Each structure stands twice: as structure tokens, then as C-alpha cells.
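Counting with this note's numbering, you get residues 2 to 148 for the letters of the sequence shown. Built from N, CA and C at the ideal position, the CB exists for glycine as well. Computed from a prediction, not measured in an experiment: that's the story for all the values here.
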Amino acid sequence: MKHYFVNTDAVSYGGVSKHDEWIRRCVIVTSGKSQFKDALARIQAGSRVLVYVNNVGVVAEAEVESDEVVDVMPPDTVSGSEPAEYHKSVRWVMDIRDKPISRKELVEILGNGPIRAVQEIHVDKKNLIKKLVLPETLWVNDLTSRG
């Protein structure tokens, strides 16, 4: 199974991450040039995605449900300020918004943190997965109920 980081790109939204809305809508999102749509398209159904928020860390994990990338236009965009976004449907499997995995922890486990909007995780996935399944992480059946 492949694992990816997807960055919420809070920098583009005045430092505000839209990950709560991603969770509510059961999607992961990119926007901008076609290269960001292409990056999202490379994530195949069944892959796992770790949602990364700058200056916070990994806040959730999802399983990708479909290979389809949907072009979304206002007023249906998550950000409200993008002329278009690219969405991919997911099923949320873990919510650690209350205790995210910090960038420092990611660097300790993987040797680095995410550096691109969408990035496949290649190194030391086993230790990262162990961190994700520690008892203190919050597993929930219906993440959308938390908003």
C-alpha cells in the first residue's frame, strides 16, 4: 500500500488550514496549476493519505476511495478564494487533530518532512505507521461528526 502526504497549503490562505472542511466533505484538495491536479491524480484508490498542516503536523489519515479527480469551481470550492480546486474522495480512518504528529517527529522518523503539496512517502514507512497506531491516537468511525 502506498502512503502520501498531502499539504493543506495554509500559506495560500493567510495561514489558515482548511483541513476541517476537507474532513467534513470527505475530500483531499489541491489547487493551482495542472501539475497539482496531476499530482493528486497519481494517488490511486486504496492508497493512504496523511494530511499535513504547516507548523502543526499530520492531523488525519484517509484512504483514497476513487482514482477520479473532480474539478470544483466556486461556490463549491473549499477555500472560497480559488478559481478552481481539484478534489479526490476519501474515507477518513484516523483523526489526530487533538494530538498531531509534529514536523519534528516526522523528521525523527523519516529524516525529513513533507516538502511538496503531494508527496509519496518512500522511506521508513514502517516506523511512521507504528506511530500512527499508538493507543493515544484517536480512531473514529465517523470523523465528519466532529467537523
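Secondary structure of Glu106 (DSSP, three-state): helix. The closest CA to that of Gly15, considering only Ile122, Val54, Arg92, is found on Val54.
Taking Lys100 as reference, the option from Met74, Gln120, Val108, Val60 with the minimal CA-CA separation is Val60. Just measuring C-alpha positions, the residue of Asn56, Asp39, Arg43 sitting nearest Ile116 is Asn56.
Closest option to Trp93, judged by alpha-carbon separation, among Leu41, Val50, Ala85: Val50.
Residue nearest to Met2 within the set Arg26, Asp39, Ala40, Ala63 is Ala63 (criterion: CA-CA distance). Per DSSP, Glu22 is not a residue of any beta strand (DSSP E); the alpha helix (DSSP H) it occupies stretches across 20-26. Under the three-state reduction of DSSP output, Ala46 falls in the coil class, being neither helix nor strand. When the Cα atoms are used, Gly47 and Ser82 turn out to be separated by approximately 30 Å. Arg43 has its alpha-carbon roughly 13 Å from the corresponding atom of Ile122.
For a cut-off of 8 Å, the C-beta gap from His20 to Thr9 is around 5 Å, short enough to register as a contact. Setting aside the 5 residues that flank it on each side, Glu22 is surrounded in the same chain by Val79, each with a C-beta closer than 7 Å to its C-beta; the list follows chain order. With contacts defined as CB atoms closer than 9 Å, Gly58 and Glu109 fail to qualify as a contacting pair.
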